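Respectively, the protein sequence lines represent chains A and B.
Under the numbering used here, read the first sequence as residues 1 to 458, first letter to last.
Under the numbering used here, read the second sequence as residues 459 to 522, first letter to last.
Heads up, the beta-carbon is just placed ideally off N, CA and C, and yes, glycines get one too.
Computed from a predicted structure; not experimentally measured.
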Amino acid sequence: MTTVPATAVEIARAVASGETSAEDIVRAALDRIERENGDIGAFTDITRERALREAKTVDRARAEGRKLGPLAGVPYAVKNLYAIAGYSTRAGSKISAADPPAQDDALLIARMRAAGAVLLGALNMGEYAYDFTGENAHYGPSRNPLDTARMTGGSSGGSAAAVAAGFVPVSLGSDTNGSIRVPAAFCGLYGLKPTYGRLPRTGTFPFCDSLDHLGPFARTVADLALVYDAVQGHDASDPVCARQPIAPAAPEIAKGGTGLRIAVATGYFRQDAEPAALAALDKAADALGAAAEVEIPRAAVARAAAFLITNAEGSALHLERLRRRPADFDPDTRDRFLAGALLPASWYVSAQRFRRLYEADMAELFRRFDVILAPSAPTSAPKLGQKTIAIGGKDVPLRAHMGIYTQPISFVGLPVAAVPVREPGALPYGVQVIAAPWREDYCLRIAATLEAAGLNAA
Amino acid sequence: MTRDDTSTLIDTAAANLGLHIAPEWKDNVTMFFEVARGMARLVEETGAAAASEAAPVFTPRSVE
Numbered sequence: 001m002t003t004v005p006a007t008a009v010e011i012a013r014a015v016a017s018g019e020t021s022a023e024d025i026v027r028a029a030l031d032r033i034e035r036e037n038g039d040i041g042a043f044t045d046i047t048r049e050r051a052l053r054e055a056k057t058v059d060r061a062r063a064e065g066r067k068l069g070p071l072a073g074v075p076y077a078v079k080n081l082y083a084i085a086g087y088s089t090r091a092g093s094k095i096s097a098a099d100p101p102a103q104d105d106a107l108l109i110a111r112m113r114a115a116g117a118v119l120l121g122a123l124n125m126g127e128y129a130y131d132f133t134g135e136n137a138h139y140g141p142s143r144n145p146l147d148t149a150r151m152t153g154g155s156s157g158g159s160a161a162a163v164a165a166g167f168v169p170v171s172l173g174s175d176t177n178g179s180i181r182v183p184a185a186f187c188g189l190y191g192l193k194p195t196y197g198r199l200p201r202t203g204t205f206p207f208c209d210s211l212d213h214l215g216p217f218a219r220t221v222a223d224l225a226l227v228y229d230a231v232q233g234h235d236a237s238d239p240v241c242a243r244q245p246i247a248p249a250a251p252e253i254a255k256g257g258t259g260l261r262i263a264v265a266t267g268y269f270r271q272d273a274e275p276a277a278l279a280a281l282d283k284a285a286d287a288l289g290a291a292a293e294v295e296i297p298r299a300a301v302a303r304a305a306a307f308l309i310t311n312a313e314g315s316a317l318h319l320e321r322l323r324r325r326p327a328d329f330d331p332d333t334r335d336r337f338l339a340g341a342l343l344p345a346s347w348y349v350s351a352q353r354f355r356r357l358y359e360a361d362m363a364e365l366f367r368r369f370d371v372i373l374a375p376s377a378p379t380s381a382p383k384l385g386q387k388t389i390a391i392g393g394k395d396v397p398l399r400a401h402m403g404i405y406t407q408p409i410s411f412v413g414l415p416v417a418a419v420p421v422r423e424p425g426a427l428p429y430g431v432q433v434i435a436a437p438w439r440e441d442y443c444l445r446i447a448a449t450l451e452a453a454g455l456n457a458a
Numbered sequence: 459m460t461r462d463d464t465s466t467l468i469d470t471a472a473a474n475l476g477l478h479i480a481p482e483w484k485d486n487v488t489m490f491f492e493v494a495r496g497m498a499r500l501v502e503e504t505g506a507a508a509a510s511e512a513a514p515v516f517t518p519r520s521v522e
């Protein structure tokens, strides 16, 4: 039996050196997924034939002496809102699962393939990405590999579960309001939500155009940077994608935090969290020697505006499906979409206008600091089926509160590395490492520093 | 606005949009609408509606 190296960096090195073949790596990974996925619910589609074909292509290239990509032979999988040629793009739904198969891969899948990575399949997610739990009425929940009675978080629940279970070293997800950062926190993973407009969303099923981002999950920061670097680059077919030059992050992470001005978010970001979530934040700050505190002004309003934009745009996107097939939606998303379809336009436009004001607020803070730390979620992973969480001594609806710390950040598209902090034997918490637009390198340098400090001790 | 007003608004707007809200879904839809109203109040209090350019600026692209 082939032993699959634990990280993408190690796999790519082993395949490039000929220590092992991509095919052996991929067969071992597929066999394990087919044995164990039923317990985790990470994959909704396994692309075995395609995976073996891609692996053989990598092995052939090596045999012919051709230069291999940086992800040669690395198995990965994608949230099932990424188009995969020959498969219907479920986007977590029953309705869209019946759509005709996609003709082409999503652009980021094409870029992963060009880098030598091997696609193993599509991953479970909350319906149409309107979710923080990882639960799904149609396909069952993705289960947290650290405790399968608990949530992965969502909506990129399968993307986190597949990596945390060790099925793949890396995966791709999406984040509109926290859908990479919350699952990364609950599953003890690193995640990157790049700057809004950094990665093209071409060929992915949208949720809310104004806030949708794509990004990777990994078990190490080096793997996170490796994938991020492989998928960067402008694409004009996503009108939001910025004409930013490719800025490789992997060569930067060894620089650590030297010279970076770091502050810890206080005020709004210290209210309503479990004490252990704040302890994790403080531990990260201590490891970085970050004594400065900063109050992010109007964060509650930013969260409110993100809520309105998401609700209105998501509902408009699905209006025809809501008209024709409301009973076929997951009940946990349907009622929110129905409400969102009815919002007055002035609420939406005001929220978009506030986005401009808040962008200026945040720019002012980033003149004083390079990096701001904040919690990823107010709690660790809740139990599956749980509907409320205790916050500030009160039980509040879980789904509405899991994004309280992530929404004000993605609202203005700031890059964030999600970093796990875990005490031995306990569930992990997440810390957001936030930087100014286009400074993903700062996020990953700090993430690597925290990783090296051993803050994710299992 | 009273709960009855909200209920009427939801029924009327849904009918105008061609949306069917089953009776057993109505309480949830109403609750989410009320949550959004609270969120909108927070945003409106900032004066943003008259103070700034909306974020989604449209940039025409040249024909290639």
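Within a Cβ cutoff of 7 Å, which residues of the same chain sit near residue i, ignoring the five residues on either side of it in sequence?
i, result
"Asp462/A", "In this structure chain A extends from 1 to 458, so residue 462/A is not present and cannot be described."
"Ile33/A", "Phe43, Ile46, Leu120, Phe167"
"Arg422/A", "Gly188, Pro428, Asn456, Ala457, Ala458"
"Pro248/A", "Asp229"
"Pro382/A", "Arg150, Met151, Ile389, Leu398"
"Tyr442/A", "Leu260, Asp370, Val371, Ala435"
Leaving out five residues on either side along the sequence, give the residues of the same chain with a beta carbon under 8 Å from the beta carbon of residue i.
i, result
"His234/A", "Pro200, Cys241, Ala242, Arg243, Gln244"
"Leu68/A", "Ala12, Val15, Ala16, Val58, Ala61, Arg62, Gly116"
Could you tell me which residues DSSP puts in a beta bridge with residue i?
i, result
"Pro216/A", "Leu172/A"
"Gly191/A", "Phe217/A, Ala418/A"
"Thr266/A", "Glu295/A"
"Ile85/A", "The question names Ile, but residue 85/A in the sequence shown is Ala. Its beta-bridge partners are Ala102/A."
"Ile391/A", "Lys394/A"
"Asn456/A", "Arg422/A"
"Ala45/A", "Here residue 45/A turns out to be Asp, not Ala, going by the sequence shown. Paired residues: Ala122/A."
"Lys383/A", "Arg150/A"
"Arg143/A", "Met151/A"
"Val371/A", "Ile262/A, Ala435/A"
"Ala255/A", "Checking the displayed sequence, the identity of residue 255/A turns out to be Lys instead of Ala. According to DSSP, which records beta bridges pairwise, Lys255/A is partnered with nothing at all."
"Val78/A", "Ala122/A, Leu172/A"
"Thr204/A", "Tyr82/A"
"Gly430/A", "Pro420/A"
Express the C-alpha separation of residue j and residue i in angstroms, rounding to a whole number.
i, j, result
"Gly73/A", "Val170/A", "12 Å"
"Pro481/B", "Gly158/A", "33 Å"
"His138/A", "Arg261/A", "46 Å"
"Glu313/A", "Arg321/A", "14 Å"
"Met362/A", "Trp438/A", "14 Å"
"Val9/A", "Leu373/A", "27 Å"
"Ala222/A", "Glu440/A", "13 Å"
"Tyr196/A", "Asn177/A", "12 Å"
"Ile391/A", "Leu211/A", "26 Å"
"Gly413/A", "Leu172/A", "18 Å"
"Lys484/B", "Gly289/A", "51 Å"
"Arg219/A", "Ala360/A", "34 Å"
"Pro520/B", "Arg48/A", "A quick correction: the sequence has Ser, not Pro, at residue 520/B. Their backbone Cα atoms lie some 42 Å apart in a straight line."
"Ile409/A", "Arg27/A", "40 Å"
"Thr152/A", "Arg143/A", "6 Å"
"Ile434/A", "Arg35/A", "38 Å"
"Ala273/A", "Ala292/A", "20 Å"
"Met497/B", "Ile479/B", "23 Å"
"Leu226/A", "Asn486/B", "43 Å"
"Gly215/A", "Asp175/A", "7 Å"
"Phe546/A", "Phe207/A", "Beyond the ends of chain A as shown, which are 1 and 458, falls residue 546/A; an answer cannot be given."
By Cβ distance, which residues of its chain are closer than 6 Å to residue i, with the 5 residues on each side in sequence left out?
i, result
"His318/A", "Phe337"
"Ala162/A", "Ala42, Ala77, Leu123, Val168, Ser171"
"Gly267/A", "Glu295"
"Phe411/A", "Ala302, Ala306"
"Glu54/A", "Val118"
"Pro424/A", "Ala457"
"Ala448/A", "Val221, Ile253"
Taking a Cβ distance cut-off of 7 Å, strictly less, list which residues of the region 496-511 of chain B are near chain A, in chain order. Those would be Met497, Ala498, Leu500, Val501, Glu502, Thr504, Ala506, Ala507, Ala509, Ser510, Glu511, in chain order.
Residues of the region 354-365 of chain A in Cβ contact with chain B at a cutoff of 7 Å, in chain order, please. Among the residues of the region 354-365 of chain A, those with a Cβ less than 7 Å away from any Cβ of chain B are Phe354, Arg355, Arg356, Leu357, in the order of the chain.
Does the region 340-356 of chain A come close enough to the region 379-388 of chain A that 3 or more CB-CB pairs lie under 8 Å? No, because fewer than three Cβ pairs between the region 379-388 of chain A and the region 340-356 of chain A fall closer than 8 Å, the two stretches do not touch.
Across the region 121-138 of chain A and the region 324-334 of chain A, are there enough close Cβ pairs to call them in contact, namely three or more that are closer than 8 Å? Yes, the region 121-138 of chain A touches the region 324-334 of chain A.
What are the residues of the region 472-484 of chain B that lie near chain A, defined by any Cβ-Cβ distance shorter than 8 Å? Those would be Ala472, Leu475, Gly476, Leu477, His478, Ile479, Ala480, Trp483, in chain order.
Decide if the region 54-63 of chain A is in contact with the region 109-127 of chain A; the criterion is three or more beta carbon pairs, one per stretch, under 8 Å apart. Between the region 54-63 of chain A and the region 109-127 of chain A, the count of Cβ pairs shorter than 8 Å is three or higher; the stretches touch.
Decide yes or no for the touch test of the region 506-520 of chain B against the region 488-495 of chain B: beta carbon pairs closer than 8 Å, at least 3 of them. No, the region 506-520 of chain B is not in contact with the region 488-495 of chain B.
Interfacial residues, the region 305-320 of chain A to chain B, with Cβ spacing under 8 Å: Cβ contacts with chain B: Ala305, Phe307, Leu308, Asn311, Leu319.
Are the region 301-308 of chain A and the region 470-477 of chain B in contact at 8 Å, needing three or more beta carbon pairs? Because the criterion of three Cβ pairs below 8 Å is not met, the region 301-308 of chain A and the region 470-477 of chain B do not touch.
With 8 Å as the C-beta to C-beta threshold (strictly closer), list the residues of the region 230-241 of chain A near chain B in chain order. Correct list: Ala236, Pro239.
Taking a cut of 7 Å between CB atoms, which residues from the region 199-218 of chain A lie near chain B? Here the close residues are Ser210.
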